[in-house]
Amino acid sequence: FFYRPRASLSRTPTPAQSMNFAQSAAKENATKAAEAVAPVRAVELDGGAALKIIKHCTDAAPGLATGALLGLDIGGALDVTACFPFPKASTGGDGEFAYDADGAFAAEDGAQYQLDMMRCLREINVDSNTVGWYQSTYLGTFYNEELIETFLSYAESIKRCVCVAYDPTYAEQGVCALRALKLSEAFMEVYGEKGEFSIKKIHERGLKWSDIVVEVPITIRNSALASAVMGELARGKAAELNTTDYDRLSLSTAPFVEENMKLLGECMEDFANEQQKVAYFQRNMQRYQSQHAHWLQKRRQENARRRANGEDELPEEDDNYKAPTPPSRLENFLITNQVAEHVQDLDAFTTKTMAKLELVTAISGSK
Amino acid sequence: MASKFWGGSDSSASSESDYDSDDSSSISSSSYSSSDESDHGPSKYLQDESSQSSEDERRVIRSFKEKQHETLRKTAREMDSALVTCDWVSLSGLLDKFQKQFVKAQQTGTQMQNIMKLFVRTVVKASAEVNARSQEQDFKRQLSTLQAKAFNSLIQRLKKYLKEFDESDITAAEKRLESHEDSDSEASVQSIQADGKSTTATEHRDKSVKDIMTMAKEDVTFEMVDSKLKEISMSRGKKGIDRMQTVDQLTYIALLAKCPAQECEVILHIISAQFDVAGSMATYMTIPMWRSCLKNVLSLMKLLDSNKHISLTNEQESSQRPSNDDIMAGAKIQLCGSLSAFAERLDDEYIKSLQCIDPHSREYILRIQDEGMLLILMREVLNFYESKTRKLHVASLSTRTLEHIYYKRSTTYESLREFVEAKSRQTKSKYDSDINVAQQTEVGQDSQLTESYLVGYVFPHGNLFSRIEELSNYIYNNGDERSKARALLCQIFSKALHGQYERAKELLLMSHLQESIMHMDISTQILFNRTMAQLGLCAFQYGHFSDASSFLSDIFSGGRTKELLAQGYAQGRFTERSAEHEKLERRRQMPHHMHINIELLEAVYLVCAMLFEVSDLLCFRQSRALTRTFLRIIENYSRQLFTGPPDSIRDAVMVITRMLLSGEYQEASKLLLDLPVWNLLSRPKAEVLHLVDKRLKAEGLRLYLSHFADQYTSANGDVLCDMFCVTDSKFTSIVNSMVANERVSAIFDEPSRSLIINRSEQSHLQVAATTFSEKVLVLLDASERALDSHVGTETIGSYEDDEAFSRRKTTKNQSEPDEYRSRRTRPEYTSKNYRVHLIDSERGKIKGRDSYGNFARRKIPTKDKDITRGGKVSSSRAEP
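If you're matching them up, the sequences are chains A and B in order.
Once you know that position 120 of the first sequence is 627 in the numbering used here, the rest is easy, because the numbers rise by one and skip nothing.
Once you know that position 536 of the second sequence is 552 in the numbering used here, the rest is easy, because the numbers rise by one and skip nothing.
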């Protein structure tokens with residue numbers, strides 16, 4: 508029931524697949540990674556790495572792309588200095604590999620690739636610490652169970668890891684669509700213990716749906732040299748507009764809103780599914796409870812009789828009946844997050860669009 | 017060779033076999049058949065055909081039988097000798113042996129008569145001896161313990177055997193004994209006289225029957241009749257008594273009765289004897305018997321009426337019976353019996369016979385003619401009780417009477433009356449030509465009179481309506497709850513049958529019966545279903561199509577129409593019913609002439625559903641519960657790969673729906689109006705079909721406009737009028753209402769009589785928003801239900817149990833078209849775009865609206881909301 512955006516189009520190895528090479532990478536750097544436990548407060552992204560991420564993701568669009576983030580874990584901020592893309596599964600040598608049913612070969616292939624890549628990068632003196640991964644998204648549809656799984660599997664080896672999400676569709680509107688995400692500690696505590704996510708636990712911790720994933724502020728930091736080059740390039744051309752500025756003035760609003768509406772609709776469907784699951788569970792529970800009460804009553808009577816006769820009492824636990832397991836609430840929370848995400852996007856977008864439309868009306872009116 | 021055969025003797029077995037072996041049998045077969053003159057012929061022939069060895073076998077068989085007989089005889093002789101020597105132990109052993117041999121002989125089944133006789137004779141003889149012995153004073157004391165024991169067991173066993181025999185056999189045996197053993201001691205003869213009760217009783221009775229039956233009428237005394245009556249009543253229910261014979265005897269005795277009281281008593285006995293003949297619940301009383309029984313009840317009542325000192329009571333022997341002389345003199349006497357019980361039993365038997373007789377036979381029709389008699393009887397019994405002010409009896413009988421007439425049309429009723437009157441006139445004239453006083457002899461000369469009709473009784477006066485009114489009013493005043501409910505249903509049914517739709521509906525709504533019908537017994541529920549079906553038919557005939565479909569939807573929703581109306585059995589595909597269940601169901605079946613035509617019902621239901629639903633088919637998929645069956649049928653139909661020409665009504669309606677959807681009104685109308693099933697309507701066909709057609713036109717036009725308006729920029733009114741054969745004014749009203757309801761976004765231009773259509777297509781974004789809002793609504797719905805279950809106003813898990821007729825549960829909500837309609841048109845529901853659950857309790861709904869209505873409004877983008885709302889509002893609004 509998860510929504511996997513354009514899963515059929517993208518042949519990238521999913522982050523979950525890449526976890527084993529993340530682990531293997533982490534083994535090499537185990538000493539470093541083990542030190543810091545304090546939560547990540549901020550992410551500093553190197554300009555070069557950022558450009559690489561953006562390029563990779565934009566090139567892959569409308570498919571999805573993923574890659575590894577490399578860098579240093581210093582103090583409060585996570586320093587991402589380099590990155591490299593994971594290969595697309597379908598483009599890995601023979602086309603046949605892409606149709607590998609369980610993806611095991613592809614994963615192995617990917618792991619090998621990653622290890623090789625890391626070795627090569629170390630050789631040219633690039634930071635070879637894995638600090639997370641990046642992925643492209645489609646209209647913010649990254650809240651799914653896979654994300655959580657990947658985070659958790661990374662967290663096994665690297666305490667402080669982030670996911671940088673890049674959304675090419677936002678970029679078209681002239682914004683820098685890079686975001687750094689991580690799982691909240693509260694959620695990790697609740698979910699990480701047993702991997703189950705029951706209502707009881709949620710209530711105990713007072714966890715809210717918005718508490719699952721937190722966004723980490725991201726700053727792009729360039730080396731002095733790069734800044735200088737930029738300054739040199741921009742000199743004397745300050746007043747000129749670039750393409751991004753033109754993008755901002757685009758008046759086509761419908762596709763974006765429409766797409767978001769569709770996604771929202773899908774979310775609603777997912778919600779309805781979840782709802783059904785819960786209703787089903789409740790019905791089962793009711794049945795179970797009544798049955799169990801009946802059984803218990805019988806058993807108590809039996810025990811009373813036995814007590815009267817001086818025999819051993821039978822246990823009041825029943826092995827035959829098992830209470831139905833409550834459905835996981837995680838999906839529910841994720842969908843809620845997703846909806847919130849879409850709504851935020853819509854909100855931001857429509858505000859801007861309204862302004863633009865006003866502007867255009869005013870301009871055309873004045874003419 | 018043939019000559020050899022003709023001369024063939026018994027002893028020639030070997031030569032025959034020789035012949036068989038060396039000659040072909042084809043020639044010989046003819047010679048055999050001609051040679052069969054001799055007494056041994058046939059068996060020999062057979063035997064030759066089979067094989068040589070069979071002759072030996074045959075010999076064995078014969079000798080076996082003989083041997084059997086021989087052993088029986090021998091044992092009997094031994095028993096005789098044991099009797100003489102008073103050796104009880106050996107006698108008991110011998111009796112055992114004898115009985116075993118007898119049983120064996122019976123199984124081989126040869127010479128039954130002889131063996132039986134022998135056995136009976138032996139047993140009777142033994143019992144006579146034994147009884148004589150037991151009479152002797154200190155006989156038992158002389159016996160040893162062993163002997164005494166054997167003796168006692170012997171007595172018991174003999175008694176048992178005696179009971180099993182026919183009396184005739186016993187008496188024959190006794191006679192034979194008497195004649196045969198005249199030389200025997202006097203004691204044995206006397207002992208037979210002083211025999212056990214059964215023997216003497218039968219003997220005595222035989223004598224008295226002979227006596228009374230043969231005696232001249234004048235010579236019979238009261239006591240004789242009385243004692244005879246007692247005898248017969250004593251024998252009631254015993255084995256081996258011909259019940260028919262009992263009835264005959266009693267009928268004769270009734271003629272001999274000396275005083276009214278006695279006659280009453282005899283008649284009472286006759287009636288119960290006649291009921292006894294009928295026996296089990298599965299079979300019915302034979303029709304002549306039923307008629308004579310009915311007449312007996314009538315004459316009994318007449319007697320009771322004319323002789324006030326005789327009264328009937330239900331209790332057994334409540335008061336002291338006066339002496340015979342007093343009875344003769346006319347003292348007060350209470351007899352045991354109940355007229356209402358008799359009448360009810362007769363009614364039951366009548367229904368039972370109708371259930372059993374093949375409805376397409378002449379017998380059935382003849383049987384229905386008896387209903388007049390039954391009605392007369394019930395009326396008479398009613399009058400009888402009414403004079404005695406026994407209200408409960410009157411009420412229950414009234415209910416039964418009502419159930420016989422409620423389903424009749426007034427013409428049927430009148431013709432029944434005419435028939436009865438003609439019959440009675442006919443018989444009367446026959447009687448008058450006779451010298452006999454008709455009424456008195458009715459009972460007696462049953463052989464010729466069972467075929468004749470009742471004389472001296474008139475059919476209940478007043479027409480059907482006044483009769484129903486009268487009966488039901490009485491029941492409302494005096495009856496119990498069940499009778500009241502049934503009376504009401506009967507009344508509604510009758511009103512619906514005669515086209516008084518408004519009145520019938522009023523009665524139903526006033527009664528609130530649909531709320532409590534679930535708790536009634538099954539037969540009342542069936543009556544309720546029948547009433548609903550009839551109401552539906554009536555509503556249809558007077559053009560109340562939505563009402564009709566709501567009345568009928570219940571009956572058709574489960575696919576168990578036949579079962580619900582008790583007009584057949586459900587095809588138990590999933591339910592395995594026990595034999596007992598089936599028997600019960602069979603007993604509930606309606607007699608065939610009371611059936612409501614299911615084909616007609618189905619046609620009415622489907623057509624109503626179509627008229628009601630077809631305009632919603634296009635735009636609004638969420639169906640109302642009422643017509644869900646119809647929608648399912650439509651879906652199934654459209655899923656078919658190949659659809660042939662319609663042959664069933666269901667198919668026809670589907671085809672019509674399809675035609676309407678594609679705007680082919682003319683063909684649709686032709687097909688619909690030509691359905692042969694409409695000939696079954698009670699109202700003149702043309703009138704009804706006119707109404708249907710009118711509605712069909714309107715729906716067709718509406719559907720066409722909403723379906724195809726997008727394809728045009730304008731539409732000419734005249735063309736559309738022609739297309740759908742509607743008048744200008746009607747067209748204008750339909751179009752205007754559609755425009756007003758936003759069913760079609762257009763402007764009606766009055767002067768040019770054309771419809772100018774504003775085409776507005778939804779953008780993709782709008783479509784997306786619409787679907788989104790719909791999804792949100794679904795979710796909202798679900799969460800509301802979840803909340804309800806959490807809070808406890810409604811339990812999610814309360815599904816229908818498998819109880820038969822549990823479909824009725826929903827009746828409450830569905831059979832109130834008024835309420836339903838008002839709900840649908842109530843603005844707050846539609847404007848909130850909020851689908852109401854029929855089953856929800858009122859409180860739950862209000863709460864849900866308050867808490868979630870706002871939520872829905874806030875979430876839906878405003879411009880999109882208008883679109884969706886417009887679509888739904890118009891589609892769910894009731895037609896003008």
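For each residue, glycine too, the CB sits at the ideal point set by N, CA and C.
All of these numbers come straight from a predicted model, not from anything done at the bench.
Inset, instruction - List the DSSP bridge partners of residue 643(A). - result: BP columns for residue 643(A) point to 673(A).
Inset, instruction - Give me the Cβ distance between residue 632(A) and residue 720(A), rounded to the nearest whole Å; I'm assuming they're in contact under 8 Å. - result: With a beta-carbon spacing of about 34 Å, residue 632(A) and residue 720(A) fall beyond the 8 Å limit used to define contacts.
Inset, instruction - Please confirm whether residue 523(B) and residue 504(B) have their CB atoms less than 9 Å apart. - result: A contact, by the Cβ cut-off of 9 Å.
Legend entry - Coarse secondary structure for residue 739(A), derived from DSSP in three states: In the structure shown, residue 739(A) sits in a helix (DSSP, three-state: H, G or I).
Legend entry - Length at least 4, wholly inside the stretch 280 to 333 of chain B: the alpha helix (DSSP H) runs in chain order: Runs of the alpha helix (DSSP H) spanning 4 or more residues and lying entirely within the stretch 280 to 333 of chain B occur at 303 to 322, in chain order.
Legend entry - 9 Å Cβ cutoff, residue 807(B) in contact with chain A: Taking 9 Å as the threshold, the shortest C-beta distance from residue 807(B) to chain A does not fall below it.
Inset, instruction - Could you tell me which residues DSSP puts in a beta bridge with residue 546(A)? - result: As DSSP reads the structure, residue 546(A) sits in no beta bridge.
Inset, instruction - Please compile the residues from chain A whose C-beta is within a distance smaller than 7 Å of the C-beta of residue 803(B). - result: Per Cβ cutoff of 7 Å: no residues; residue 803(B) is ~11 Å from chain A at best.
Legend entry - Best match in 801(A), 781(A), 641(A) for proximity to residue 841(A) [C-alpha to C-alpha]: The shortest Cα separation from residue 841(A) among 801(A), 781(A), 641(A) belongs to 781(A).
Legend entry - Test item: CB-CB of residue 349(B) and residue 376(B) under 9 Å: In this structure, residue 349(B) lies away from residue 376(B), with their beta-carbon atoms at least 9 Å apart.
Inset, instruction - Check each candidate in 131(B), 161(B), 98(B) and name the one with the smallest Cα separation from residue 143(B). - result: Closest by alpha carbon: 98(B).
Inset, instruction - Identify each residue in the stretch 799 to 822 of chain A for which the Cβ-Cβ distance to at least one residue of chain B is less than 9 Å, and report them in chain order. - result: The stretch 799 to 822 of chain A vs chain B, Cβ under 9 Å: nothing.
Inset, instruction - Give the DSSP bridge partners of residue 574(A), in chain order. - result: According to DSSP, which records beta bridges pairwise, residue 574(A) is partnered with 592(A), 641(A).
Legend entry - Per DSSP, the bridge partner or partners of residue 627(A): Partner residues in a beta bridge of residue 627(A), as assigned by DSSP, do not exist.
Inset, instruction - Could I get the ranges of all uninterrupted beta strand (DSSP E) runs contained in the stretch 671 to 750 of chain B, with 3 residues as the minimum, in chain order? - result: Within the stretch 671 to 750 of chain B, the complete beta strand (DSSP E) runs of at least 3 residues are 730 to 732.
Legend entry - Proximity below 9 Å, CB of residue 146(B) to CB of residue 174(B): The answer is yes: Cβ separation under 9 Å.
Inset, instruction - Report yes if the CB atom of residue 576(A) is closer than 9 Å to the CB atom of residue 639(A), and no otherwise. - result: A contact, by the Cβ cut-off of 9 Å.
Inset, instruction - For residue 586(A), count neighbouring C-beta atoms within 10 Å of its own C-beta (all shown protein chains included) and say buried if the count is 16 or more, exposed if not. - result: With 16 or more other Cβ atoms within 10 Å, it is buried.
Inset, instruction - On a CA-only basis, which of 644(A), 619(A), 648(A) is nearest residue 774(A)? Give me that one, please. - result: Ranked by how close their Cα comes to the Cα of residue 774(A), the residues 644(A), 619(A), 648(A) have 648(A) in first place.
Legend entry - Of the residues 852(A), 727(A), 794(A), 655(A), the one placed nearest residue 763(A), counting alpha carbons only: Of the candidates 852(A), 727(A), 794(A), 655(A), the one whose C-alpha sits nearest the C-alpha of residue 763(A) is 852(A).
Legend entry - Cβ pair count under 8 Å reaching 3, the stretch 732 to 740 of chain B against the stretch 706 to 717 of chain B: As far as the Cβ criterion goes, the stretch 732 to 740 of chain B touches the stretch 706 to 717 of chain B, which means the pair count is three or higher.
Legend entry - Contact residues within the stretch 767 to 791 of chain A, judged by C-beta distance below 8 Å to chain B: Across the stretch 767 to 791 of chain A, CB contacts with chain B closer than 8 Å involve 768, 769, 771, 772, 775, 776, 778, 779, 782, 783, 785, 786, 789, 790, in sequence order along the chain.
Inset, instruction - Using a cut-off of 7 Å between C-beta atoms, extract the partners of residue 765(A) located in chain B. - result: Scanning chain B for C-beta atoms nearer than 7 Å to the C-beta of residue 765(A) yields 780, 781, 784, reported in chain order.
Inset, instruction - Kindly confirm or deny that the stretch 478 to 490 of chain B and the stretch 523 to 532 of chain B touch, where touching means at least three C-beta pairs closer than 8 Å. - result: These segments do not touch.
Inset, instruction - Indicate whether the contact test is met: 3 or more Cβ pairs, each with one atom in the stretch 764 to 776 of chain B and one in the stretch 753 to 761 of chain A, closer than 8 Å. - result: The stretch 764 to 776 of chain B, when compared against the stretch 753 to 761 of chain A, does not touch it at the 8 Å Cβ threshold.
Inset, instruction - In angstroms with no decimal places, state the Cα-to-Cα distance between residue 9(B) and residue 373(B). - result: Absent from the structure is residue 9(B), since the part of chain B shown begins at 17 and ends at 896.
Inset, instruction - Please compile the residues from chain B whose C-beta is within a distance smaller than 8 Å of the C-beta of residue 761(A). - result: Ordered by position in chain B, the residues that pass the 8 Å Cβ test against residue 761(A) are 779, 780, 781.
Legend entry - chain A residues whose Cβ lies nearer than 8 Å to that of residue 791(B): The contacting residues are 772, 775, 776, 779.
Legend entry - Simplified DSSP assignment, three categories, for residue 658(B): In the structure shown, residue 658(B) falls within a coil segment according to DSSP collapsed to helix, strand and coil.
Inset, instruction - Report the rounded CA-to-CA distance for residue 517(B) versus residue 425(B), giving the unit in angstroms. - result: The alpha-carbon atoms of residue 517(B) and residue 425(B) are separated by roughly 15 Å.
Legend entry - Within chain A, partners of residue 799(B) - CB distance below 8 Å: Taking a Cβ-Cβ threshold of 8 Å, the residues of chain A close to residue 799(B) are 782, in chain order.
Inset, instruction - Starting from residue 787(B), find everything on chain A with Cβ-Cβ shorter than 7 Å and list it in chain order. - result: The answer, in chain order, is 772.
Legend entry - Limits of the unbroken alpha helix (DSSP H) element including residue 390(B): That run of the alpha helix (DSSP H) goes 387 to 404.
Inset, instruction - Could you say if the stretch 545 to 552 of chain B and the stretch 615 to 623 of chain B meet the contact criterion of at least three C-beta pairs nearer than 8 Å? - result: Contact between the stretch 545 to 552 of chain B and the stretch 615 to 623 of chain B is present, because at least three Cβ pairs lie under 8 Å.
Legend entry - residue 140(B) versus residue 411(B): straight-line alpha-carbon distance, rounded: When rounded, the distance between both Cα atoms is 56 Å.
Legend entry - Burial state of residue 733(B), where buried means 16 or more other Cβ atoms lie within 10 Å: Per the 10 Å Cβ criterion, buried.
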